[in-house]
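Here is the structure we will look at.
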Amino acid sequence: MLILRSLAFNVSFYLNLIVQMIFWTPVYFLLPRKKAWFVPKVWAASSLWLHKVLAGTRVEISGLENLPEGPCIIAPKHQSFWDTIAFLPWIPDPVYILKRELVWIPFFGWYVAKMRMIPIDRGSRARALKKAVAAAKERMKEDRQLIIYPEGTRRPPGAEPLYKYGIVELYAELGVPVVPVAHVAGLYWPRRKFLRHPGTIHARFLPPIEPGLPREEFRDRLISETEAACDALLIEAATGPNPPPLPETACRRLAELGIEIGTPARAAVL
Numbered sequence: 040m041l042i043l044r045s046l047a048f049n050v051s052f053y054l055n056l057i058v059q060m061i062f063w064t065p066v067y068f069l070l071p072r073k074k075a076w077f078v079p080k081v082w083a084a085s086s087l088w089l090h091k092v093l094a095g096t097r098v099e100i101s102g103l104e105n106l107p108e109g110p111c112i113i114a115p116k117h118q119s120f121w122d123t124i125a126f127l128p129w130i131p132d133p134v135y136i137l138k139r140e141l142v143w144i145p146f147f148g149w150y151v152a153k154m155r156m157i158p159i160d161r162g163s164r165a166r167a168l169k170k171a172v173a174a175a176k177e178r179m180k181e182d183r184q185l186i187i188y189p190e191g192t193r194r195p196p197g198a199e200p201l202y203k204y205g206i207v208e209l210y211a212e213l214g215v216p217v218v219p220v221a222h223v224a225g226l227y228w229p230r231r232k233f234l235r236h237p238g239t240i241h242a243r244f245l246p247p248i249e250p251g252l253p254r255e256e257f258r259d260r261l262i263s264e265t266e267a268a269c270d271a272l273l274i275e276a277a278t279g280p281n282p283p284p285l286p287e288t289a290c291r292r293l294a295e296l297g298i299e300i301g302t303p304a305r306a307a308v309l
């Protein structure tokens with residue numbers, strides 16, 4: 040049953056993406072940029088609905104009151120493709136920093152270009168960071184919300200955090216609050232895996248970190264507050280009824296936290 044439900048969702052997810060891009064194209068490209076946002080948001084919401092109906096995975100997002108009005112940086116954990124779409128319906132005018140190759144994809148790249156995202160060449164990190172900072176400053180003047188994944192790449196739940204310096208530089212240069220976002224979506228929609236596990240993905244927008252802190256103090260707060268919240272969500276998922284399979288990284292982290300996960304059947308290598 041798990042395989043069939045995962046297959047049904049994966050097929051429906053990509054069909055939904057293709058059909059909606061084709062269907063909305065005339066409207067999307069004729070509307071002003073801000074008004075056209077309803078198209079990606081409808082797609083994201085419908086994808087989450089398919090995830091719930093076909094894979095049995097629900098979403099509960101808390102802490103939305105912590106989103107400030109106006110420009111800010113939103114810094115989610117990056118564990119899954121899920122966290123690239125799940126927050127779209129809740130953010131007024133998001134802007135992503137993304138690898139430039141995505142803009143070259145037909146249709147999808149055109150959609151991305153319409154929203155004036157920030158494509159960068161990740162081959163030269165120093166040049167890419169300089170370009171990202173300059174572009175982000177322009178986007179902040181438009182009262183947009185910059186979404187950046189502090190670790191840069193997807194990491195499994197419970198893995199040792201590896202936060203990059205880029206978000207520290209953006210924080211120092213932009214002078215706007217940073218809202219960390221904690222979740223353990225990788226337990227339910229694991230990276231580079233076919234299976235989609237049922238359950239409830241809890242995501243939490245944490246209180247914003249105010250601008251103006253020294254770089255190291257900001258970095259330490261971002262890591263400690265985000266990881267503490269992720270640990271709490273991991274414990275909640277692992278010790279609740281019908282927990283998802285746990286990757287080795289999650290099992291090790293739970294052991295470090297002194298949490299017994301019960302019988303070996305509750306742990307699995309994803």
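Throughout the sequence shown, residue numbering follows the working numbering, covering 40 to 309 in sequence.
The beta carbon of each residue, even a glycine, is placed where N, CA and C say it ideally should be.
Everything numeric in this text was worked out from a predicted model, so none of it was measured.
Is Lys170 helix, strand or coil by DSSP? Along the sequence shown, read from residue 1 onward, the residue named residue 170 stands at position 131. Three-state DSSP puts Lys170 in a helix.
Between the Cα of Lys116 and the Cα atoms of His236, Arg194, Glu255, Leu89, which residue gives the shortest distance? For the purposes of this step, residue 116 is taken as residue 77 along the sequence shown, with counting starting at 1. Minimum Cα distance to Lys116 is reached at Arg194.
His90, DSSP secondary structure in three states: Within the sequence shown, the letter at position 51 stands for residue 90. Helix.
Coarse secondary structure for Phe244, derived from DSSP in three states: Residue numbering aside, residue 244 sits at position 205 when the sequence shown is read from its first letter. Residue state, collapsed to three classes: strand.
Where does the unbroken alpha helix (DSSP H) through Leu54 begin, and where does it stop? Position 15 of the sequence shown, counting from 1, holds the residue named residue 54. Counting along the chain, the alpha helix (DSSP H) containing Leu54 begins and ends at 41-69.
Please check the pair Pro128 and Lys80, which I expect to be a contact at CB under 8 Å, by giving their CB distance rounded to whole angstroms. Position 89 of the sequence shown, counting from 1, holds the residue named residue 128. Position 41 of the sequence shown, counting from 1, holds the residue named residue 80. About 5 Å separates the two Cβ atoms, so the contact holds.
Tell me the rounded alpha-carbon separation between Val218 and Asp270. Translated into positions along the sequence shown, residue 218 becomes position 179. Translated into positions along the sequence shown, residue 270 becomes position 231. Each residue's alpha carbon lies about 17 Å from the other.
Take Pro36 as the anchor and find which of Lys203, Ile57, Leu141, Met154 has the nearest alpha-carbon. Summary: the structure shown does not reach residue 36, with the chain confined to residues 40 through 309, and so no result is reported for it.
Are Ile310 and Leu213 touching if we call contact CB-CB under 9 Å? Beyond the ends of the chain as shown, which are 40 and 309, falls residue 310; an answer cannot be given.
In terms of residue numbering, what span does the alpha helix (DSSP H) encompassing Lys74 cover? Looking up residue 74 in the sequence shown gives position 35. It spans 72-75 - the alpha helix (DSSP H) in which Lys74 sits, taken as one unbroken run.
If we ignore side chains and look at the alpha-carbon of each, how far apart do Gly197 and Glu295 end up? Counted from its first residue, the sequence shown places residue 197 at position 158. Counted from its first residue, the sequence shown places residue 295 at position 256. Spanning the two alpha carbons is a distance of roughly 10 Å.
Environment of Ile7 [buried if 16+ CB atoms lie within 10 Å]: No statement about residue 7 is possible, as the shown extent of the chain runs from 40 to 309 and does not include it.
Is the Cβ-Cβ distance between Leu234 and Asn105 less than 9 Å? Position 195 of the sequence shown, counted from the start, is the residue given in the question as residue 234. Position 66 of the sequence shown, counted from the start, is the residue given in the question as residue 105. Their beta carbons are not under 9 Å apart, which means Leu234 does not touch Asn105 by this criterion.
Can Ile100 and Tyr135 be called in contact, C-beta distance under 9 Å? By 1-based counting over the sequence shown, the position of residue 100 is 61. By 1-based counting over the sequence shown, the position of residue 135 is 96. It is not a contact, given that the beta carbons lie outside the stated cut-off.
Write down the C-beta distance between Val207 and Ala242 rounded to the nearest angstrom, noting that I regard them as a contact closer than 8 Å. For this step, residue 207 is matched to residue 168 along the sequence shown. For this step, residue 242 is matched to residue 203 along the sequence shown. Val207 to Ala242, Cβ: 23 Å. No contact.
Glu199 versus Thr288 - alpha carbon distance: Taking the first residue of the sequence shown as 1, we reach residue 199 at position 160. Taking the first residue of the sequence shown as 1, we reach residue 288 at position 249. Approximately 8 Å between the Cα atoms of the pair.
Bridge partner(s) assigned by DSSP for Tyr135: Against the sequence shown, residue 135 aligns to sequence position 96. Note: Tyr135 sits in a beta bridge opposite Ile186.
When the Cα of Trp228 is compared with those of Lys169, Val98, Tyr67, which residue comes out closest? Reading the sequence shown from its first residue, position 189 is the one you call residue 228. Among Lys169, Val98, Tyr67, the Cα nearest to that of Trp228 belongs to Val98.
Consult DSSP for Tyr284 and reduce its assignment to one of helix, strand or coil. Here residue 284 refers to the residue found at position 245 when the sequence shown is read from its first residue. Note on identity: in this sequence residue 284 is Pro, with Tyr being the wrong assignment. Correct three-state label for Pro284: coil.
Could you name the residues that DSSP lists as bridge partners for Cys269? In the sequence shown, the residue the question calls residue 269 occupies position 230. DSSP, once it has assigned bridges, lists no residue as partnering Cys269.
Identify whether Ala306 lies in helix, strand or coil by the three-state DSSP scheme. The count along the sequence shown starts at 1 and reaches residue 306 at position 267. Only weak support is given to the placement of Ala306: the predicted model assigns it a pLDDT of 43, under 50, and the question is left unresolved by the model.
Given this structure, state the Cα-to-Cα distance separating Arg164 from Met40, to the nearest angstrom. In the sequence shown, counting from the first residue as 1, residue 164 sits at position 125. In the sequence shown, counting from the first residue as 1, residue 40 sits at position 1. About 44 Å.
I'd like to know whether the C-beta of Gly297 is nearer than 9 Å to at least one C-beta of chain B. Absent here is chain B; the protein component of the structure consists of one chain.
Val172: which of Thr123, Tyr204, Pro283, Ala277 sits nearest, CA to CA? Indexing the sequence shown from 1 puts residue 172 at position 133. Looking at the Cα atoms, Tyr204 is the closest of the given residues.
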